Amino acid sequence: MSTILEIRDLKKSYDGGFEALKGVNLSIEEGEIIALLGPNGAGKTTLISAICGIVMPTSGSVSVGGHDIGTDFRAARTLIGLVPQEVALEPFEKVINTVRFSRGLFGKRGDDALIETILKRLSLWDKRNNQIKELSGGMKRRVLIAKALAHEPRVLFLDEPTAGVDVELRKDMWDIVADLKADGVTIILTTHYIEEAEAIADRIGVIAKGEILLVEDKDALMLRMGKKELEVQLSAPLDALPASLQSDTVRLGPDGSSLIYTYDTRAERTGITKLLSDVAAEGLVLRDVVTRQSSLEDIFVTLVKEDAA
Ligand SMILES: Nc1ncnc2c1ncn2[C@@H]1O[C@H](COP(=O)(O)OP(=O)(O)OP(=O)(O)O)[C@@H](O)[C@H]1O
Ligand SMILES: [Mg+2]
Numbered sequence: 001m002s003t004i005l006e007i008r009d010l011k012k013s014y015d016g017g018f019e020a021l022k023g024v025n026l027s028i029e030e031g032e033i034i035a036l037l038g039p040n041g042a043g044k045t046t047l048i049s050a051i052c053g054i055v056m057p058t059s060g061s062v063s064v065g066g067h068d069i070g071t072d073f074r075a076a077r078t079l080i081g082l083v084p085q086e087v088a089l090e091p092f093e094k095v096i097n098t099v100r101f102s103r104g105l106f107g108k109r110g111d112d113a114l115i116e117t118i119l120k121r122l123s124l125w126d127k128r129n130n131q132i133k134e135l136s137g138g139m140k141r142r143v144l145i146a147k148a149l150a151h152e153p154r155v156l157f158l159d160e161p162t163a164g165v166d167v168e169l170r171k172d173m174w175d176i177v178a179d180l181k182a183d184g185v186t187i188i189l190t191t192h193y194i195e196e197a198e199a200i201a202d203r204i205g206v207i208a209k210g211e212i213l214l215v216e217d218k219d220a221l222m223l224r225m226g227k228k229e230l231e232v233q234l235s236a237p238l239d240a241l242p243a244s245l246q247s248d249t250v251r252l253g254p255d256g257s258s259l260i261y262t263y264d265t266r267a268e269r270t271g272i273t274k275l276l277s278d279v280a281a282e283g284l285v286l287r288d289v290v291t292r293q294s295s296l297e298d299i300f301v302t303l304v305k306e307d308a309a
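Numbering (full-length UniProt numbering), first residue to last: 1 to 309.
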């Protein structure tokens, strides 16, 4: 695989001095899907905007398909499709014309067969002659995708494509992304939904306060995040963990009234049966059993805390 997008030490300070990007380095391989996760205000949209030429970087470099965005912007930008976070469409324009116009903006010859394919793929063909203002919110999001695809980009940025859309449309979007990947399009998306990243991304990047905290293969990351905790609440507190229960994965809860067992949800055997039989053999009486899984927010909080420390 070859590198299609290379970001080196990219910094952005907004007017007034706020440093939204603090030296971002990221290489993206042709054909991969990378999900950028990060809390509100992390700098995800700023990063995408800088790559797409909407925001002027303060320093650093970005090249797309070997074209530097500073010195060779037009060539770089032609390779890029952008689905922005905010819906900004001309309300009185017809769907089909909006999409045709986007292609024209890149100086590409009209191609109604392609526009038809795109609109059909996005289930917008029936609405092609409707004005934008006659569409639902989810349909408008699809129009944004159709517009971004109209000039046949090789790299597609999707900035929170499924924020506020229903489950069905979200799944549709995932299928569309999978189709585009099959066509060899490289996809960079931001999302606040972990299931979304899990469903479609090859790699996950976590960004907070303008810095990339982690870039990791999804499967490796999911394995780490797949950890679950089982809290066995006891009817009487313990002073210490009984010898028979001692292991790396079992610890005593804060006030001794529970046992906390960490296990991997992806393992074939979780070890819960054995734990419960060991607990019974020890003569301990259970009051309740609770399971917890670390959420994306938990992971962010942990990462961001570590970052601040
Ligand atoms: N035009 C601007 N002028 C000044 N500050 C800005 C501007 N645009 C963004 N910022 C600031 O830069 C930081 C990063 O914003 P950005 O929109 O990139 O975050 P984000 O990660 O996309 O967040 P969200 O998940 O909410 O979309 C924020 O603190 C924001 O207030
Ligand atoms: Mg954003």
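Note that CB positions come from ideal geometry on N, CA and C, so glycine has one too. Because the structure is a prediction, the values reported are computed rather than measured.
- Nearest to residue 14 by alpha-carbon distance, out of 59, 117, 153, is 59.
- Distance from residue 50 to residue 10 at the Cβ level is roughly 6 Å; contact confirmed, criterion being Cβ atoms closer than 8 Å.
- About 7 Å separates the Cβ atoms of residue 33 and residue 177, confirming a contact at the 8 Å cut-off.
- DSSP places residue 115 inside the alpha helix (DSSP H), whose first and last residues are 112–121.
- Here the distance from the Cβ of residue 159 to the nearest heavy atom of ligand 2 is below 7 Å.
- Pairing residue 69 with residue 63, the inter-Cα distance amounts to about 6 Å.
- One Cα belongs to residue 129, the other to residue 293, and the distance between them is close to 47 Å.
- Residue 21 and residue 12 do touch by the CB rule: their CB atoms are close to 4 Å apart, below 8 Å.
- Secondary structure of residue 205 (DSSP, three-state): strand.
- Rounded to the nearest whole angstrom, the CA to CA distance from residue 141 to residue 162 is 8 Å.
- Residue 107 and residue 75 have their C-alpha atoms roughly 11 Å apart.
- One alpha carbon belongs to residue 179, the other to residue 61, and they sit about 30 Å apart.
- In the displayed model, residue 137 falls within a helix according to three-state DSSP.
- Cβ-Cβ separation between residue 250 and residue 259: approximately 6 Å, consistent with a contact (criterion under 8 Å).
- Residue pairing from DSSP places residue 251 in a beta bridge opposite 260.
- Under DSSP, residue 216 shares a beta bridge with 204.
- What you get when you keep residues with a C-beta closer than 6 Å to any heavy atom of ligand 1 is 14, 18, 20, 38, 40, 41, 42, 43, 44, 45, 46, 85.
- Here residue 289 has 232 as same chain residues with Cβ atoms under 6 Å from its own Cβ, once five neighbours each way along the sequence are excluded.
- Beta-carbon to beta-carbon, residue 159 and residue 99 are separated by about 19 Å, too far to satisfy the 8 Å threshold.
- Distance from the Cα of residue 229 is smallest, within the candidate group 120, 291, 242, 97, for 291.
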